[in-house]
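Below: the structure, in structure tokens.
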Amino acid sequence: MGRTVVVLGGGISGLAASYHLSRAPCPPKVVLVEGSERLGGWIRSVRGPDGAVFELGPRGIRPAGVLGARTLLMVSELGLDSEVLPVRGDHAAARNRFLYVGGALHALPSGIRGLLRPSPPFSKPLFWAGLKELTTPRGKDPDETVHSFAQRRLGPEVASLAMDSLCRGVFAGNSRELSIRSCFPSLFQAEQTHRSILLGLLLGTGRGPQPDSALIRQARAERWSQWSLRGGLETLPQALNTHLTSRGVSVLRGQPVCGLSLEAEGCWKVSLGDSNLEADHIISAIPASVLSKLLPAEAAPLARALSTITAVSVAVVNLQYRGGRLPVQGFGHLVPSSEDPGILGIVYDSVAFPEQDGSPPGLRVTVMLGGSWLRTLEARGSVLSQELFQKEAEKAAATQLGLKEPPSHCLVHLHKNCIPQYTLGHWQKLESATQFLAAQKLPLTLAGASYEGVAVNDCIESGRQAAARVLGTEPSS
């Protein structure tokens with residue numbers, strides 16, 4: 139009998155892990171277990187009555203770097219090339235991003251010329267922040283908050299406006315709590331290696347072997363900033379599910395895991411309520427805090443470390459306007475916490491992907507709500523109604539974008555605990571988890587957004603690396 143690997147969690151990380159396991163030359167038996175009735179996790183696309191596509195979670199994937207290329211390679215292997223909608227480098231959605239500060243939209247500077255010019259909301263050209271960065275000594279601490287790092291290297295304005303907004307846009311988090319080492323490892327490593335993040339980004343880290351395909355070459359030639367799929371990003375997990383089934387992977391939906399226990403012979407027993415599974419190895423692609431509650435007593439130190447990796451909630455409000463017009467063209471805008479504690483930013487979906495506007499086309503924007511405003515409401519036990527989120531989102535669209543007419547279509551979704559928070563010292567939690575797994579020789583591998591990146595590419599890569607560890611093929615960096 140061959141080995142059985144059980145993958146916990148049918149989000150994109152678990153699907154990617156199952157995909158890479160199933161494509162091995164001598165694949166193990168793979169069982170993918172998902173607690174809900176649908177696969178894809180936070181990736182979810184919904185069609186409106188006019189055929190418009192609304193993304194309830196991630197809405198675009200970056201093709202940059204090795205990880206971006208690997209995801210495109212998977213897309214090609216799944217036969218989805220013809221479904222790809224690219225945002226090319228010369229497109230407004232690739233070139234223009236904005237900050238909403240002081241009641242106005244401000245274009246973020248780009249290129250050398252942009253750095254030399256005065257660029258509100260910053261009081262002086264960002265060239266001076268760059269000069270400060272080049273002359274600032276290397277930090278001595280093993281970790282630092284994003285705010286502290288940015289303030290030390292780039293000055294208080296860049297820290298409180300740009301980096302604060304970026305942390306809200308990517309992590310829905312607080313730059314004064316998040317870790318630079320874990321949230322933005324390339325910036326941390328650039329300072330460690332080159333003493334300067336600008337020099338580090340300029341000189342790069344040295345390129346490893348790059349995946350290659352016609353789609354990857356096209357993305358590089360046309361300088362894509364991001365891409366989606368014609369029917370929405372959920373097409374990707376749906377295609378993965380079809381592929382896994384064709385490869386003989388057992389996909390169990392609506393089967394929440396109740397507990398994990400180790401048998402005498404070193405195998406796992408996975409309890410699914412009214413039935414059990416046996417596994418030689420488990421890949422966990424469920425949130426760290428959820429896994430911590432399922433682990434047996436023998437893994438208590440691991441459970442303690444994982445239970446401290448928390449996550450925040452985000453409300454996503456999709457709005458569609460008939461005849462609405464944006465005051466600017468770009469990807470969207472972010473909002474620093476000093477401007478609005480609840481509105482994280484607004485994405486201009488119709489600019490990047492007009493092909494998804496439906497017929498007749500309507501303007502689509504997505505308002506993201508979270509931050510300290512939502513955390514306070516949750517802590518108070520307030521009623522988090524759809525009406526509350528819709529009202530706040532429509533108010534933001536009216537105030538920040540001038541979209542004052544009522545929307546023709548609206549979708550509201552509260553994603554509870556959807557974005558893990560890599561707070562200061564996150565790397566030590568990962569180190570202690572890794573050391574425990576190695577010391578105890580536990581047949582358990584961790585994957586997913588709780589550990590080393592929350593973007594779709596990061597999650598797919600974590601699944602790939604988990605599969606490589608289980609198969610004994612060393613994952614390339």
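Take any residue in the sequence shown, note its place counting from 1, add 138, and you have its number in the working numbering.
For glycine and all other residues, C-beta sits at the position ideal for the given N, C-alpha and C.
Given the structure is predicted, the values throughout are model-derived calculations rather than measurements.
By the neighbour-count definition (other C-beta atoms within 10 Å, threshold 16), C321 is a buried residue. A distance below 8 Å separates the beta carbons of S451 and C556.
Rounded to whole angstroms, the separation of the alpha carbons of A517 and E401 is 40 Å. Looking at the backbone, the Cα of I318 and that of R200 are separated by about 21 Å. Under DSSP, the beta-bridge partners assigned to I481 are L507.
Shown here, C405 sits in coil according to DSSP, grouped into three states, outside any helix or strand.
The beta-carbon distance between L194 and V184, rounded to whole angstroms, is 6 Å. This is short enough to meet the 8 Å contact definition. Counting only unbroken stretches of 3 or more residues, the beta strand (DSSP E) elements lying wholly within the stretch 144-214 are 167-171, 183-185, 191-193, in sequence order. Buried is the label assigned to P224, since at least 16 other Cβ atoms lie within 10 Å of its Cβ. For S324, the enclosing alpha helix (DSSP H) starts and ends at 323-332. In this chain, the beta strand (DSSP E) harbouring I420 covers 419-422. For K554, the closest alpha carbon among the candidates L522, A531, K567, A576 is that of L522.
The alpha-carbon of L575 is positioned some 7 Å away from that of L582.
Contact between the stretch 321-330 and the stretch 345-357 is absent, with fewer than three C-beta pairs closer than 8 Å. Per the C-alpha coordinates, the member of G483, S600, E315, S174 positioned closest to E532 is G483.
Judged by beta-carbon spacing, S488 lies beyond the 8 Å limit of D478, meaning their Cβ atoms are not closer than that value. Listed in chain order, the non-local C-beta contacts of G147 below 6 Å within the same chain comprise A423, I424, local neighbours out to five positions each way being set aside. Under DSSP, Y560 shares a beta bridge with no residue. Inclusion of L472 and R233 in the CB contact set at 8 Å is not warranted, their separation being larger than that value. In the structure shown, the three-state DSSP call for N595 is helix. Each of T446, A490, L390 was checked against the Cα of V168, and the nearest Cα belongs to L390. Per DSSP, the beta bridge partners of V452 are H553. By the C-beta criterion, the stretch 462-471 is judged to be in contact with the stretch 229-245, since at least 3 inter-stretch pairs fall below 8 Å. It is roughly 35 Å from the alpha-carbon of G404 to the alpha-carbon of L374.
By the criterion of a C-beta distance shorter than 7 Å, L512 is surrounded in its chain by S451, A453, G480, once the five residues flanking it on both sides are discounted. The DSSP assignment places complete alpha helix (DSSP H) segments of no fewer than 4 residues inside the stretch 267-333 at 284-292, 302-309, 318-321, 323-332, in order along the chain.
By the neighbour-count criterion, in which 16 or more other beta carbons inside 10 Å mark a residue as buried, L159 falls on the buried side. Per DSSP, G397 lies in no alpha helix (DSSP H); the unbroken beta strand (DSSP E) holding it starts and ends at 397-400. Annotated three-state conformation of A245 is strand, per DSSP. Shown here for D228: same chain residues with a beta carbon closer than 8 Å to its own, the five before and five after excluded, namely R361 in chain order.
When DSSP states are grouped into helix, strand and coil, P492 belongs to the helix group. Under the DSSP assignment, V222 falls in the beta strand (DSSP E) whose first and last residues are 222-225. Nearest in C-alpha terms to K542, of all of T446, G461, R226, is G461. Between G140 and P166, the CB-CB gap stays under 8 Å.
With 16 or more other Cβ atoms inside 10 Å of its own Cβ, R291 counts as buried.
Fewer than three beta-carbon pairs drawn from the stretch 212-222 and the stretch 559-577 are found closer than 8 Å, and the two stretches are therefore not classed as touching.
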